[in-house]
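Numbering (full-length UniProt numbering), first residue to last: 1 to 182. Virtual Cβ for every residue (Gly too), placed ideally from N, Cα, C. This report concerns only the one structure given below.
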């Protein structure tokens, strides 16, 4: 295969904003890129690290959404009553979150995506970064209905996420669970 036909791994995170790219186009490309990166890879650390990068660049560069954190919290194997920090992009984050507490803990407990347009109005919000204004958290649930963790994205703007983000990120969450050996 000639070098012109090889897609380098870094190219999968190329989501530069364009006047012809719609939100649908960019988030569909995110799903395609994740699938391509995980075809021959099942290690959850590797896959979640690459997924964090894809999310970061698709939202920040592709959609011009001012995300300030994106990544994962996983059920702690040593204490299953809490989530522990996993691969992410952004500032240093809270290391553990009790299941049922804060946006991440509630998503893990209820197995339901949480879309929070204004984190200051969310009862019990855990502020890992005081600059965060909105957040979306999607649970990672296996085929047996067991939560493995959550995908979390924070934004510097109010109402940073909508129902379409929810729909596409829930598709991504299903892909993540299927592609990883936990």
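Under 8 Å between C-beta atoms of residue i and residue j
| i | j | result |
| --- | --- | --- |
| residue 135 | residue 152 | yes |
| residue 89 | residue 56 | yes |
| residue 111 | residue 147 | yes |
| residue 150 | residue 83 | yes |
| residue 113 | residue 139 | yes |
| residue 27 | residue 168 | yes |
| residue 154 | residue 69 | yes |
| residue 72 | residue 52 | yes |
| residue 128 | residue 93 | yes |
| residue 143 | residue 42 | no |
| residue 60 | residue 50 | no |
Bridge partners - residue i, DSSP secondary structure assignment
| i | result |
| --- | --- |
| residue 135 | 116 and 154 |
| residue 96 | 84 |
| residue 56 | Answer is none; residue 56 lacks a bridge partner. |
| residue 72 | 151 |
| residue 43 | 181 |
| residue 175 | According to DSSP, residue 175 bridges with nothing at all. |
| residue 90 | 69 |
| residue 31 | Looking at the DSSP assignment, residue 31 forms no beta bridge with any residue, so it has no partner. |
| residue 141 | 147 |
Option nearest residue i by Cα separation, candidates the options
| i | options | result |
| --- | --- | --- |
| residue 81 | 158, 106 and 41 | 106 |
| residue 172 | 91, 144 and 47 | 47 |
| residue 170 | 141, 35 and 61 | 141 |
| residue 22 | 63, 36 and 39 | 63 |
| residue 109 | 97, 118 and 116 | 97 |
| residue 119 | 145, 85 and 159 | 159 |
| residue 35 | 54, 25 and 115 | 54 |
* Asked: If you pair each beta-carbon of the stretch 158 to 175 with each one of the stretch 76 to 89, do three or more pairs fall below 8 Å?
  -> Contact fails: fewer than three Cβ-Cβ distances are below 8 Å.
* **Contact the stretch 19 to 35 vs the stretch 119 to 135: 3+ CB pairs below 8 Å** => no
* **At least three beta-carbon pairs within less than 8 Å, the stretch 91 to 111 to the stretch 119 to 127** => yes
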